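Asks:
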Amino acid sequence: MDFSSDPELESIAREAENLASAFDDDYWSEHDEKKQFPWDFYRAFAEQGWMGIAIPEKYGGAGLGVLHAGTLLHTVAGSAGAMNAASTLHLSIFGMGPVIHHGSEALKEKVLPPTARGDLHTSFGVTEDDAGTDTSRIRTAARRDGDRWIVNGKKVWNTKAQQCQKILLLARTTPRDECARRFDGLTLFLADLDPDHVEIREIPKMGRNAVNSNEVFLRDLPVSNEDVVGEVGRGFYHLLDGINPERIMVAAEAVGIGLRAIDKAVAYAKERIVFDRPIGQNQAVAHPLGDSYSELQAADLLWKHAAWTYDRGLPAGGLTNMAKLRCADAGFRACDRALQTFGGFGYAREFHVERYWREARLMRLAPISQEMALNFVTEHVLGLPRSY
Amino acid sequence: MKVLVCLKQVPHSDARLDIRDDGAWIKDDGVKFEINSYDTYALEQALRVKDAGEAEVVVVSIGPDRVTQALRTALGMGADRAVHVNDPEAEGSDPLGVAKILAAVAAEESPDLILTGFMSEDGNFAAVPPMVARLQGIPSATAVVQCEISDSSVRVERELEGGAMEVVDLEMPCLIALQTGANQVRYASLKGIMQAKKKPVDAKTVADLGLAGQVGASAVKVVIEKIYRPDKGEGAEMLEGSTGEVVSQLVGKIKELGLL
Ligand SMILES: Cc1cc2nc3c(=O)[nH]c(=O)nc-3n(C[C@H](O)[C@H](O)[C@H](O)COP(=O)(O)OP(=O)(O)OC[C@H]3O[C@@H](n4cnc5c(N)ncnc54)[C@H](O)[C@@H]3O)c2cc1C
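Same order as they appear, the protein sequences are chains H and X. According to numbering that gives the first Met the number 0, the residues represented by the first sequence are 0 to 387, in order. According to numbering that gives the first Met the number 0, the residues represented by the second sequence are 0 to 259, in order.
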């Protein structure tokens, strides 16, 4: 086991932190309150080539893996922008995984270079209201029409759809009851968010409001055959090359935001004097911070292990779900304890920890809920019978 | 053209600093470091020379292993090569010791232009740049806010007292020490970071530079006695009222203290 520092990962973290630190807490709380997409921040990262971190060099990226991309997003989530900042970049970084691994050469040449440059934005369209976590039951369907497809249906929670030109869309192409396995018969499309056939409605939500999430209605949306990603009917399996990296990156982000919250809380606990002593002198204040800090350090190793495993092409599903589970819990608990450390001021916008708290809460729900991550672990790692 | 940029790594502006037990400097273990911000303007200026035409940009820094981070950042931003004077014998040097080391590196590199920051944010002496120029026998200008660099000379605008400015022409080789805000400093790009891995960093010792026994803590002429935080004075009193009232109250106070 080698715990010596890796100069390349260190450089990524240092330079990303340098760049992210140009955007302070006030910038982010303003964008969060006004629900404004942080274009200056996005462009700053795009200009320095960060959007291409995980895109192969052949298509204008840096060709690095999930460990490197996770390090970038961990750092960004640890900046003042927390999840708002990470989500601004996150989709462009993991979303193209299925295209990279399964897309045709022509499709890769068309979409990967502009994604790496930061010009092409793609939303991730999997979740539907009626299906929920049971992705096999999605109702959005595509039917063949000559050399194109016509898609009808509705997606929900599509993050950043308002800024996106395209959507990576999972749709049924063979009815579920005609398929041998429930995940067969789904196809992945890289469709245009054509305003003539697509309506986007924002979902008002608890936090991370600089980046919108939306309902997306698809009405007779045409998609050319060239924009099918991989094989018709195998879309769900192709999607795994986006889903696992996303879970690992979210895990990395959760640790980042947790560490930032602890850092703020520790500084406050040293300075805030009540009963003639810094509040951090009380073990009731200090111990939760020490506990969360060590929990975050443990969680940090787990997402890195998952990323390292995924990058080597080894089976990483178990580690990925365990990392998501532990990091999301550790990150949220850290934010909650930080908020408690600030006392009443923790509830005030001015100190920003309430913003981190609202954003960290999301990590326990998406992109996969803690319960479903546990279902994966109990079924696929521990070999217990499936409960549903 | 060859440009040598001198960089110092200093504690990060956000770092919480504690004073060392001997009182002579801050504790630097566990502290986050960054490139002295004045020096980043010097680096940016050098990179602009490179962007505009043929130039080799060499960065030099003195300090322990952690200084590699600063050099990697500079290489990631676009510098071509780095020299790292990494030697415990250099530790504790006073400004003259630092200047001797940098001048020795400059003598080996023979740059057309040496760019530095006006001063370091931790030491605040602003003494090293003119000393390097003096040791090298080349002209220098400090507190520079703007420079126009041509093939063999530099025209600089420098700050004087009271908001006045001065324009100076220097023949190359020369040294320019930049004021903060002289330009907009770029960030390292991801591509730059990846390329930086392959760029050479030359490690040098004090002996390699022919300076054994001449620099470091044993050779200092300026000794830092102690650093301390001044005691907080007792609560300041705010005078209120119109300007006239405030002035007469102030005069009254000064008289009361027997200062008038
Ligand atoms: C801010 C935000 C952004 C999002 N962005 C995107 C996006 O860009 N693209 C996209 O496709 N999706 C996105 N999502 C959707 C997200 O992935 C889903 O919300 C998540 O997967 C949970 O699905 P659901 O909301 O339908 O919950 P449901 O499936 O309805 O589940 C509800 C609750 O029941 C539990 N539950 C359900 N079944 C079981 C079971 N068998 N055993 C135990 N517990 C169970 C769940 O864990 C959960 O707690 C986003 C969500 C949010 C909140």
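We put the CB at the ideal spot given by N, CA and C, even for glycine. These numbers come from a predicted model, not from an experiment.
Could you work out which residues of chain H lie near X:K332, taking near to mean beta carbons separated by less than 7 Å?
Replies: An answer regarding residue 332 of chain X cannot be provided, because it is not within the stretch 0 to 259 covered by chain X.
Asks: For the stretch 194–205 of chain H against the stretch 130–147 of chain H, do three or more pairs of beta-carbon atoms, one drawn from each stretch, fall closer than 8 Å, so that the two count as touching?
Replies: no
Asks: Which residues in the same chain as X:E55 place their Cβ atom closer than 6 Å to its Cβ, once the five residues preceding and following it in sequence are excluded?
Replies: Once the five neighbours on either side are set aside, the close Cβ partners of X:E55 are K1, D79.
Asks: Where does H:Q121 fall in DSSP's three states?
Replies: The residue you asked about is not Gln; residue 121 of chain H is Thr in the sequence shown. If DSSP states are grouped into helix, strand and coil, H:T121 belongs with the strands.
Asks: So if I threshold CB-CB distances at 7 Å, which residues from the stretch 44–72 of chain X count as touching chain H?
Replies: Q68, R71, T72
Asks: Under 8 Å, Cβ to Cβ, is there at least one residue of chain X near H:S3?
Replies: no
Asks: Quick one: is X:R157 buried, meaning 16 or more other Cβ sit within 10 Å of its Cβ, or exposed?
Replies: buried
Asks: Quick check: what's the CA-CA separation for H:P97 versus H:V228?
Replies: 7 Å
Asks: Contact between the stretch 243–261 of chain H and the stretch 332–350 of chain H: three or more CB pairs below 8 Å?
Replies: yes
Asks: Quick check: X:V131 and X:L101, are their CB atoms within less than 8 Å of each other?
Replies: yes
Asks: Pull the bridge partners of X:K203 from the DSSP assignment, please.
Replies: X:V84
Asks: Three-state secondary structure (DSSP) at H:S368?
Replies: coil
Asks: Could you check what DSSP says for H:C163 in three-state terms: helix, strand or coil?
Replies: Shown here, H:C163 sits in coil according to DSSP, grouped into three states, outside any helix or strand.
Asks: Does any C-beta atom of chain H lie closer than 8 Å to the C-beta of X:Y40?
Replies: no
Asks: Report the rounded CA-to-CA distance for H:G343 versus H:Y355, giving the unit in angstroms.
Replies: For H:G343 and H:Y355, the distance between alpha carbons rounds to 16 Å.
Asks: Going by DSSP, which residues form a beta bridge with H:W148?
Replies: H:R143, H:V222
Asks: Can you name the residues of chain H whose CB is closer than 8 Å to the CB of X:G75?
Replies: S10, E14
Asks: 8 Å is my cut-off, CB to CB: does H:G69 come that close to chain X?
Replies: no
Asks: Between the stretch 16–27 of chain X and the stretch 101–110 of chain X, are three or more C-beta pairs nearer than 8 Å?
Replies: no
Asks: Nearest by alpha-carbon distance to X:Y227: which of X:E160, X:D17, X:H11 is it?
Replies: X:D17
Asks: With a threshold of 8 Å on Cβ separation, who are the neighbours of H:A329 within its own chain once the five nearest residues in sequence on each side are excluded?
Replies: A253, V254, G257, S291, E294, L295, A297, A298
Asks: Against chain H, with Cβ distances strictly below 8 Å, would X:A181 count as a contact?
Replies: No, X:A181 lies away from the interface with chain H (no Cβ there is under 8 Å from its Cβ).
Asks: Comparing the C-beta of X:I192 with each C-beta of chain H, is any distance below 8 Å?
Replies: yes
Asks: Which runs of the alpha helix (DSSP H) spanning at least 4 residues fall entirely within the stretch 300–380 of chain H, listed in chain order?
Replies: Qualifying alpha helix (DSSP H) stretches, in chain order: 316–340, 352–361, 369–375.
Asks: First and last residue of the alpha helix (DSSP H) that includes X:S247?
Replies: 242–255
Asks: Exposed or buried, X:Y40, counting other C-beta atoms within 10 Å across all chains shown (16 or more means buried)?
Replies: Buried.
Asks: Please work out which residues of its chain come closer than 7 Å, Cβ to Cβ, to H:A105, disregarding the five sequence neighbours upstream and downstream, and give them in chain order.
Replies: E225
Asks: Between H:F235 and H:F182, which are expected to be in contact by the criterion C-beta below 8 Å, what is the C-beta distance as a whole number of angstroms?
Replies: 4 Å
Asks: Do X:L238 and X:L177 come within 8 Å of each other at the CB atom, strictly closer than that value?
Replies: Cβ atoms of X:L177 and X:L238: not closer than 8 Å.
Asks: Closest by CA to X:T72, which one among X:M164, X:G251, X:I34?
Replies: X:I34
Asks: What in chain X is Cβ-close to H:L72, meaning under 7 Å?
Replies: Correct list: empty, because the minimum Cβ distance to chain X is about 13 Å.
Asks: If you measure between the beta carbons of X:E120 and X:V9, is that distance less than 8 Å?
Replies: yes
Asks: H:I52 versus chain X: which residues are under 9 Å apart at the beta carbon?
Replies: Near H:I52 (Cβ distances below 9 Å), the residues of chain X are L189.
Asks: Could you pull the start and end residues of the beta strand (DSSP E) that X:S188 belongs to?
Replies: Where X:S188 is concerned, there is no enclosing beta strand (DSSP E), given that its DSSP letter is neither H nor E.
Asks: Please state whether DSSP places H:L106 in a helix, a strand or coil.
Replies: In the three-state reduction of the DSSP assignment, H:L106 falls in the helix class.
Asks: Going by beta carbon distance, what residues of the same chain come within less than 7 Å of X:G91, once the five residues before and after it are set aside?
Replies: G215, A216, V219.
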